[in-house]
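To start, the structure under review is shown below, and the notes come after it.
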Amino acid sequence: MTILVFKILLVLVLFLISLGVAAYSTYSERKVAAFIQDRLGPNRAGPFGILQPIADGIKMIMKEEIIPLTSNKILFVAGPAITMITALMTSAVIPWGPSVTIDGMKVPLQVADINIGILYVMGVVSLGVYGIMIGGWASNNKYALLGAVRASTQMISYELAMGMSIIAIIMTTGSLSIGDMVTGQHGTWGMGWNIFVQPLGFLIFLICAFAECNRTPFDLPESETELVGGYHTEYSSMKLGFYLFAEYVNMFISSAIITCLYFGGYHFPFMDKVSAIMGEVPFAILCVMVFFLKILFFIFFFMWVRWTIPRFRFDQLMNLGWKVLLPLSVLNMLATGTIIVLNS
Amino acid sequence: MITEISFYSLSFLAIVSSILMIFHKNAMYSVLFLLICFFSVAGLYVMLNAQFLGIVHIIVYAGAIMVLFLYVIMFLNMSSPITIRKSKLIMLAAICTGLMFLFVLFAALWSVPFGHAPQQVDQNIGLAKTLGKVLFNEYLIPFEVTSVLFLSGMIGVVIFNKKETENE
Amino acid sequence: MSKVEKTDNQFVRESIQNQFGPAVKSIEESYGMLDIVISKDTLIPVITWLKKTETLRFQFLTSLCGVHYPEQKEFEFSVVYHLHSLTQNIRIRIHIFMPESDLKVPTLTTLFAGANWMERETFEFYGIQFTGHPDLRTILNVEDMNYHPLRKQYPLVDNTRTDKDDKYFGR
Amino acid sequence: MNELLELKDQLRLIPLSHYVFLCLALFSIGMTGVLLRRNMIIVFLSIELMLNSVNLLAVAFSVYHNDPGAQAFVFFNMVVAAAEVAVGLAMLVMIYRNIKTIDINALNRLKW
Amino acid sequence: MESISIDAIQMDYLAILAQFVIASGFVLGTFFLTHKLGPKFKSDKKLQAFECGLESIGDARLPFSVKYFLAAILFVLFDAEIIFFYPWAVNFRELGESGLLKMVLFVSPFLLGFYYVIKKGALKWE
Amino acid sequence: MQPLSSRSKIVSNKTMSWSERLYIPAILAGLKVTLHHLFKKKVTVSYPEQTRPHSKFYRGRHVLKRDDQGRENCTACGLCAIACPAEAITMVAEERQKGEETLYREEKYAAEYNINMLRCIFCGLCEEACPKDAIYLTDTISTSGYNRDTFLYTKDMLLEGALPETRIDIQARRKGQREGAM
Amino acid sequence: MGINPELIPIKNGPEMYTGEGYGLTQIEKVIGLARANSIWPLPFATSCCGIEFMATMAATYDLGRFGAERLSFSPRQADLLMVMGTIAKKMGPVLRQVYIQMAEPKWVIAVGACASSGGIFDTYSVLQGIDKVIPVDVYVPGCPPPPEAILDGILKIQDLIKQEPIRRRESPQYKELLASYDIQ
Amino acid sequence: MINISDDNFHNDHRINGHVEPEEDIRQYNYLNLGPTHPATHGIFQNILKMDGEIIVEAEPTIGYIHRAFEKLAENRPFYQIPTITDRLNYCSAPINNIGWHLTIEKLLGVETPKRVDYLRVIIMELARIADHIICNSVIAVDTGALTGFLYVFQWREKIYDIYEEICGARLTTNIGRIGGFERDFNETVFARIEHFLKEFPAALKEFESLVMRNRIFMDRTIQVGGISAERALEYSFTGPNLRAAGVDYDVRVMTPYCSYEDFDFTIPLGSSGDTYDRFCVRQEEMWQSLSIIRQALKNLPEGNFHADVPEFYLPPKENVYNSMEGLIWHFKIVMGEINVPKGQVYQCVEGGNGELGFYLISDGGRQPFRLHFRRPCFIYYQAYPEMIQGSMLSDAILTMSSMNVIAGELDA
Ligand code: SF4
Ligand code: SF4
Ligand code: SF4
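Chains as they are written, first to last, in numbering that gives the first Met the number 0: chain C, 0 to 343; chain F, 0 to 167; chain X, 0 to 170; chain A, 0 to 111; chain V, 0 to 125; chain G, 0 to 181; chain Y, 0 to 183; chain Z, 0 to 411.
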């Protein structure tokens with residue numbers, strides 16, 4: 000039972016961390032953008048503008064909520080809710096650190112070490128489409144509908160390549176559990192990261208992650224210059240907030256998953272030696288920190304890319320997804336298979 | 000305790016949402032209710048320790064098939080709304096038929112002994128690994144044939160689409 | 000296209016006079032550009048000829064605008080065409096005049112795609128009707144604008160309107 | 000606290016017949032939907048529901064009878080259902096675009 | 000793969016449930032809060048759909064391109080197909096060479112179909 | 000179309016080399032550029048704490064000048080109002096009374112002199128038109144406000160202080176103007 | 000029908016907020032601060048002033064410092080309608096519609112001579128100031144106003160926001176103000 | 000008269016003046032792009048009839064900021080007209096300004112000293128750079144690359160600084176006077192120009208490296224919104240848009256003004272008139288402008304900064320204060336009582352967007368009798384529906400921004 004309590008505690012902590020990281024991602028996005036663009040960025044709300052996300056949050060909560068007359072009210076509310084909930088659900092299967100002993104039992108620092116972890120991620124991600132589709136459709140606005148259709152088509156298209164690129168990882172690991180995948184990357188001195196064996200897979204996965212998060216260069220559905228606000232054109236107050244926020248939560252989770260799948264999760268070089276001289280809990284904390292460092296790097300990378308490159312046109316995006324990434328990922332899978340067979 | 004609560008609430012959810020699904024006017028809501036129903040069913044799969052099937056169920060049904068339904072609804076958009084309903088009589092008849100069917104089967108199966116839970120349960124039965132083994136050994140032929148099915152599906156879809164554009 | 004020798008205003012003047020004779024009401028040169036006045040019936044033939052003739056090739060319609068001369072009775076309105084021969088690098092100006100009672104001019108949209116909006120604008124400003132224009136509507140102002148603002152009798156400011164507060168004006 | 004039970008105890012708590020009746024109920028609801036509605040989409044959804052109830056039943060039997068084969072069967076069922084829906088909906092859209100309705104009765108009137 | 004104790008599994012799903020409850024609680028709570036806190040000022044014009052400051056022309060829910068729909072259909076087909084890969088990948092090491100062969104056999108019609116789809120221009124957006 | 004001149008050249012190259020086709024090199028090059036800027040000194044001027052120095056000819060808020068003895072220069076000749084394309088200037092002229100010589104330099108003066116700052120387009124034509132060295136634009140920006148009425152700057156608001164310390168220095172501007180013509 | 004501008008009271012600056020219940024509670028202050036620091040502008044940039052707005056957004060002046068770099072073109076999401084440039088009569092209804100569709104609380108800033116008063120365009124086709132069709136909170140003079148002036152306008156708006164009582168938008172005075180613009 | 004009636008909306012299915020058939024309304028999607036759409040940087044509205052993502056037909060509606068320039072010009076004395084022309088194409092106001100002054104100088108027969116010409120060339124080329132900076136960076140923004148915009152915009156800011164030092168304003172500069180400039184360029188101006196010439200190329204390179212050879216950008220722009228040379232001429236295209244289509248028409252070369260014949264520069268050309276061509280042409284024009292400015296600075300003649308025409312050029316203030324003659328001229332000029340010949344002139348300059356023409360009819364009064372602006376934007380924007388037909392929504396937006404339609408110029 001203590002374990003259950005521990006897990007629920009973990010859920011709570013994770014929930015708060017997700018929100019916190021996402022909130023500060025919005026802030027750092029603005030800061031990174033500003034710095035890349037030779038500007039200062041928000042610096043008036045609190046020292047260095049550190050209270051900016053809080054100000055945004057309060058403002059959003061205090062804003063009038065508008066539900067257009069012609070919209071389907073329930074669905075209109077359901078859209079952002081689904082988006083946000085699915086965004087917050089994915090973190091369950093991510094192993095945040097090595098196991099700790101609780102109640103005499105080795106418990107991984109993971110909400111749910113289910114043996115289908117990666118499929119769980121895929122499942123939840125595939126549900127994310129609903130939030131956008133329903134929201135865009137319910138708005139009864141042309142831009143919103145167009146944005147929603149674009150967004151969902153894009154998301155489902157890149158889901159395919161994403162699923163395919165994961166298969167190569169599953170083949171090497173032989174398990175669907177993310178925990179196993181991470182431990183499988185321990186290698187010598189904690190450096191057996193999958194990125195070294197699966198560079199192509201990583202690239203595909205990375206691109207798909209960008210597309211699934213609707214980030215530049217795949218931010219078409221909400222590209223302002225074309226569709227005003229895309230699928231969330233009609234949304235105001237916290238409903239809009241959730242749509243925007245979910246993007247950042249997704250970014251956080253995507254970074255975590257990329258790290259888990261390809262960058263060894265919480266592993267770091269010479270971790271065995273370190274663990275030998277450290278207590279279990281400090282070591283776990285160190286691992287979690289390493290993990291977060293990697294995640295932060297990817298979040299930064301997401302932003303860095305966003306503020307550098309142009310975005311695709313819809314047809315180009317679809318071509319990339321279907322005609323380049325999908326065949327490439329099949330190829331990657333078969334090549335991985337061949338290599339494994341040849342090696343054994 | 001938890002087991003019973005989960006089972007009965009999931010079953011309840013499944014039944015209620017599926018009933019709502021067939022009665023709701025708006026097809027969009029029907030899809031969403033069916034979605035809820037599918038989630039409950041997935042929950043039942045998990046309860047049966049068929050985790051892999053449960054998640055596949057979600058990925059395939061919720062993540063793909065239902066999305067497609069949404070597309071269709073958005074696509075057709077009911078610009079001619081389907082307000083015409085069947086006559087009351089036929090509706091009543093339909094419901095009666097359904098109930099009768101349920102009743103008959105219920106009655107027929109009420110006393111059938113389905114046997115008790117086995118003493119020893121293979122806990123690996125629901126795992127992807129087990130399933131894979133079965134799939135790739137015993138069911139290899141159907142497996143390969145599915146591929147052809149998909150191929151024909153693709154061709155069919157493309158042909159439909161072609162007709163479509165030619166008609167325009 | 001064969002290279003034609005460079006022509007000058009003189010050449011243009013002569014050839015147009017030779018070609019159309021009396022239809023050309025006057026040709027003057029001011030500030031280095033020929034001002035050709037023709038009657039509006041000959042507009043289309045003249046411009047077609049100017050555009051098509053190999054030695055001239057005025058194939059570029061630089062601009063088209065209307066003018067209102069309220070005190071020139073019977074010739075109150077005028078449409079001015081600036082044509083440009085890119086190959087010869089000569090510009091000419093063609094004027095046509097008409098009385099207020101007969102504001103009909105053949106359209107140039109058949110010759111220059113770009114004339115479309117210019118004519119719409121001229122129509123809107125002066126009320127000159129371009130016969131044969133595919134879509135002669137107001138273009139800049141609200142659709143229910145009921146007068147032609149650039150005619151001289153209308154003031155710049157619409158004095159009947161109420162959205163102006165003289166308190167804020169220096170006058 | 001022993002609310003967390005092992006699988007076999009769990010299975011003992013919920014008899015197989017409960018699963019059977021649940022599936023039965025779902026199946027009849029699906030059938031009623033097919034009979035009841037004229038909107039082809041809903042009819043389609045009802046069919047999916049029926050398919051699902053069968054799947055659930057198969058899984059239940061497979062677990063209670065310790066046979067992984069049934070699960071492989073369900074697996075096939077699901078993916079084939081996907082193919083079926085894909086083609087079916089493509090047809091449905093085509094029908095809609097031709098006759099501008101998805102009323103199932105309208106099909107009767109059509110001379111194919 | 001070692002067998003996991005059942006308790007842990009149940010617990011894992013319970014934890015996921017807990018996460019779901021917390022997440023939806025948060026979301027719905029916030030909605031409720033904004034609903035209560037924000038000013039309300041409704042009028043017909045305000046609640047019209049936004050279309051660049053003009054009134055909307057026609058119904059917003061108009062048919063969009065059949066291409067999107069086609070992509071969705073293909074997605075369903077492919078997604079179902081990918082599902083087959085998972086059990087295969089998990090068992091890959093045991094299946095070895097024959098597994099690879101089986102998969103190649105499975106994939107080839109798939110690729111063939113894919114090639115056909117592309118060839119027929121079903122994924123052409125222009 | 001035959002070439003019209005001999006100095007043209009085609010500048011758009013639309014064929015992509017294979018490395019350009021790969022997306023990645025160009026993206027990496029872009030990333031390098033942005034990374035470089037990430038650590039560059041920021042160009043932002045933190046207005047209102049910092050201000051950018053305006054040129055001495057900057058055309059901002061107006062000032063009505065006084066002469067060395069603190070008398071108003073303006074003689075209400077109205078040239079500025081005529082020159083103003085926005086018709087932003089109004090004035091009421093009045094004859095100077097006896098005993099007011101210390102206040103007004105010329106025989107006539109502007110009893111009222113209003114500039115509607117909301118209409119003014121800061122074109123500087125009034126400054127140019129003034130024959131009496133009376134109106135200048137300064138290099139301070141004209142501030143915003145909440146009420147349209149407050150933008151009707153009256154003479155008191157425009158006039159510089161009478162004391163020498165409170166004078167607004169437009170000397171540079173005066174000198175700078177047409178220095179070449181001298 | 001068109002509104003009769005004579006009936007429109009010219010709004011009296013920030014005093015109108017100080018009238019009822021002056022003295023903000025602590026919560027109101029916090030909310031005011033939050034709102035003031037998270038202004039999402041809707042740039043209604045029609046002409047030249049829009050270019051200066053670009054300059055204000057750009058690196059040298061960086062509107063982002065005030066937390067206002069997130070432009071939102073959908074009126075639902077915007078807090079501040081920045082009207083920059085000439086508003087012709089043809090545009091009037093559009094501007095009004097956009098204003099009406101904005102979610103409360105909303106503020107309006109008229110940037111530049113044209114938006115504020117018509118500027119030099121005292122002509123048959125130009126609206127002589129947008130306060131004829133929508134209420135304006137802050138006017139920024141200039142043609143175009145330099146970025147500093149636009150920032151000054153934003154600062155003024157921030158002051159206004161900080162002072163606004165939380166219930167102002169439901170007060171009868173506010174309703175009256177809107178009603179005077181024929182906006183229910 | 001003020002028309003804020005609420006039924007002033009364009010709310011039926013109308014394209015090109017005719018109501019769309021019922022069949023089409025069912026089949027196509029009618030999307031309204033603008034007026035307050037982020038892509039319509041200025042304000043214009045497009046009703047797009049779309050089949051999915053493909054644009055079948057488009058109808059632009061313009062006039063949302065119609066300011067009646069031509070009527071206004073008939074009511075303003077000559078020396079106030081620059082305040083109007085500055086607001087035509089506000090991205091490159093000095094070119095308009097100088098263009099107008101060339102027109103009036105032609106009418107008045109004012110000969111400007113070489114130095115004035117050269118200084119004007121410097122200003123105009125700076126303005127051209129400023130204009131192209133906006134256009135090209137906005138293209139980049141519309142493809143999603145915002146950062147490049149902010150990089151080059153800093154340099155626009157530097158151009159503003161130069162203007163400010165010359166005339167005291169940034170955007171709507173009112174920079175010229177009849178016969179020359181208001182004041183001579185001082186040391187700071189030249190220092191700033193030198194600095195600009197030195198540093199800007201690096202920034203421009205950087206901007207190019209962000210987008211120009213990036214495949215995403217190239218894919219977005221190549222074959223998008225193209226127009227053939229023939230059609231472009233039919234539509235009376237000029238400027239970069241015409242050159243992108245492959246016609247080397249440049250007013251600076253064809254009809255040199257302001258001593259442009261003294262400078263050596265090439266006319267950049269595109270091949271098929273698509274968005275990428277337009278982008279490249281503008282990009283190259285900036286390089287050419289830089290070179291022109293360098294040449295002008297190098298060969299800058301000594302001399303006066305204004306023509307010696309006391310009847311049109313305001314006398315120095317000291318003369319006004321101290322000499323009767325100066326005062327009289329001053330009054331005459333400000334009151335607009337100078338003698339203007341009757342006549343008609345047409346003067347064109349190569350504006351940021353193409354041939355910017357001024358057709359001035361003078362009846363000898365203090366105001367123009369008629370002043371018609373040949374506004375390149377207005378003329379070529381009508382080709383827009385044709386250019387985007389059959390392309391996608393995103394293309395339409397890029398086409399629009401790459402045409403650099405300036406609303407002030409479009410709507411007059
Ligand atoms: S400010 Fe100068 S121009 Fe204006 S009225 Fe006074 S003296 Fe005359
Ligand atoms: S600066 Fe120009 S607009 Fe302003 S008052 Fe002076 S002349 Fe009038
Ligand atoms: S105020 Fe001046 S700069 Fe601004 S839009 Fe009007 S004319 Fe242009």
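Backbone N, C-alpha and C define an ideal beta-carbon position, used for all residues, glycine too. On a predicted model such as this, the values are computed, not experimentally measured, just so you know.
Quick one: what's got a C-beta closer than 6 angstroms to Arg-155 (chain Z)'s C-beta in the same chain, skipping five residues either side?
Ala-129, Ile-132
Where Leu-149 (chain X) falls: helix, strand or coil (DSSP):
coil
Any chain Z beta carbon closer than 8 angstroms to Ile-138 (chain X)
yes
With DSSP run on the structure shown, which of helix, strand or coil describes Lys-8 (chain G)?
strand
Cβ of Ala-75 (chain G) versus every heavy atom of ligand 1: is any distance shorter than 7 angstroms?
yes
Top-ranked residue by Cα proximity to Thr-109 (chain X), from X:Val-36, X:Ile-15, X:Pro-44
X:Pro-44
CB-CB length for Gly-178 (chain Z) against Ala-306 (chain Z), believed under 8 angstroms
4 angstroms
Could you check whether the Cβ of Lys-13 (chain G) sits closer than 8 angstroms to any Cβ belonging to chain C?
no
As a quick exercise: from Y:Glu-68, Y:Pro-164, Y:Tyr-173, pick the residue whose alpha carbon is nearest that of Val-135 (chain Y).
Y:Tyr-173
In angstroms, rounded to a whole number, what distance separates the CA positions of Phe-300 (chain C) and Val-12 (chain C)?
25 angstroms
Any beta carbon from chain C within less than 8 angstroms of Leu-47 (chain F)'s own beta carbon?
no
Counted within 10 angstroms of its Cβ, other Cβ atoms place Pro-97 (chain C) as buried (16 or more) or exposed
buried
Please confirm if Glu-80 (chain V) has its CB atom under 8 angstroms from at least one CB of chain F.
yes
Since Gln-346 (chain Z) is in the beta strand (DSSP E), which residue starts that stretch and which ends it?
341 to 350
Classify Gly-162 (chain C) as helix, strand or coil using the three-state DSSP reduction.
helix
Tell me whether Lys-31 (chain G) is buried or exposed, calling it buried when 16 or more other Cβ atoms sit within 10 Å of its Cβ.
exposed
For a test of your reading of the model: does the CB of Cys-113 (chain Y) fall under 7 angstroms from any non-hydrogen atom of ligand 4? Yes or no.
Here the bound small molecules are ligand 1, ligand 2 and ligand 3; ligand 4 is not part of this structure.
Please report how far the alpha carbon of Glu-408 (chain Z) lies from the alpha carbon of Phe-122 (chain X), in whole angstroms.
19 angstroms
Tyr-16 (chain Y) by DSSP, collapsed to three states: which one?
Low confidence applies here, because Tyr-16 (chain Y) scores a pLDDT of 48, under 50, leaving its location unreliable; read the following figure in that light. If DSSP states are grouped into helix, strand and coil, Tyr-16 (chain Y) belongs with the helices.
With DSSP as the reference, label Arg-230 (chain Z) as helix, strand or coil.
helix
For a contact defined as C-beta to C-beta under 7 angstroms, what are the partners of Phe-40 (chain V) on chain Y?
Glu-103, Arg-168
Bridge partners of Asn-45 (chain Z), per DSSP?
Z:Leu-32, Z:Pro-59
Counting C-beta neighbours from all protein chains within 10 Å, is the total for Ala-190 (chain Z) 16 or more, i.e. buried, or is it exposed?
exposed
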